[in-house]
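Notes follow the structure.
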Amino acid sequence: MMPLSAQEILRIKRAQQNRKRKVRKLPKPPRMAFPKGLQRDYSRQLVALVKVIYEVYEELLIPHLESIVAEANLLRPDRADDWNDSLDRQFEQVKNRLTEEFVIAESVAMGIGQEISDWNDREWRKVLKAVFKAEIFQREAWLAQEMN
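So this is what it looks like as structure tokens:
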């Protein structure tokens, strides 16, 4: 191996220093905000649904329980099907009513899920813009056609 000349060593040192200067440390990203408002809205909607469930049980099941229990106490164990049928009918009514309500609940959950997704996307873009000082995921009008 040949010894390096002083000029060659100087050139290598300058190249190393230039490399050190060019590599810059990225700034610390800001903290992403928590969607507190969306959480409060969702909690309100869930409380409203629980109230509806409670009202359905109060309306359809609770008034009939006393007569069903009395019927079960009067009958012998080998003829337990009558009160079972009554209880099944009441639970079927509750299930039908709640099925209608849970269609609403599912749409509420889907809506809040989409809102949280949009919120997170906006917050993530803010963080990226703060760190890189540029819009990383810029949407171009022509890009959608090219990707399809």
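One point on numbering: in the working numbering, the residue at position 140 of the sequence shown is 138, and numbering is uninterrupted.
Using N, Cα and C, we set each Cβ at its ideal position, and we do this for glycine too.
With a cutoff of 7 angstroms on beta-carbon distance, residue 103 and residue 47 are scored as near each other. Spanning the alpha carbons of residue 143 and residue 134 requires a straight line of approximately 20 angstroms. Classified as buried, residue 58 has 16 or more neighbouring CB atoms from the shown chains inside 10 Å of its CB.
In the DSSP assignment, residue 64 falls within the alpha helix (DSSP H) that extends over 60 to 72. Within the model, the alpha-carbon separation for residue 32 versus residue 44 is close to 19 angstroms. For the set 93, 1, 30, the Cα lying nearest the Cα of residue 120 is the one of 30.
Scanning its chain for C-beta atoms nearer than 8 angstroms, with the 5 sequence neighbours on each side dropped, one finds around residue 122 the residues 30, in chain order.
Beta-carbon to beta-carbon, residue 24 and residue 129 are separated by about 5 angstroms, close enough to satisfy the 8 angstroms threshold.
Look at residue 96 here: in three-state DSSP terms it is helix.
Close CB contacts of residue 28 within its chain, under the 8 angstroms cut and outside five residues either way in sequence, are with 124, 125, 128 (chain order).
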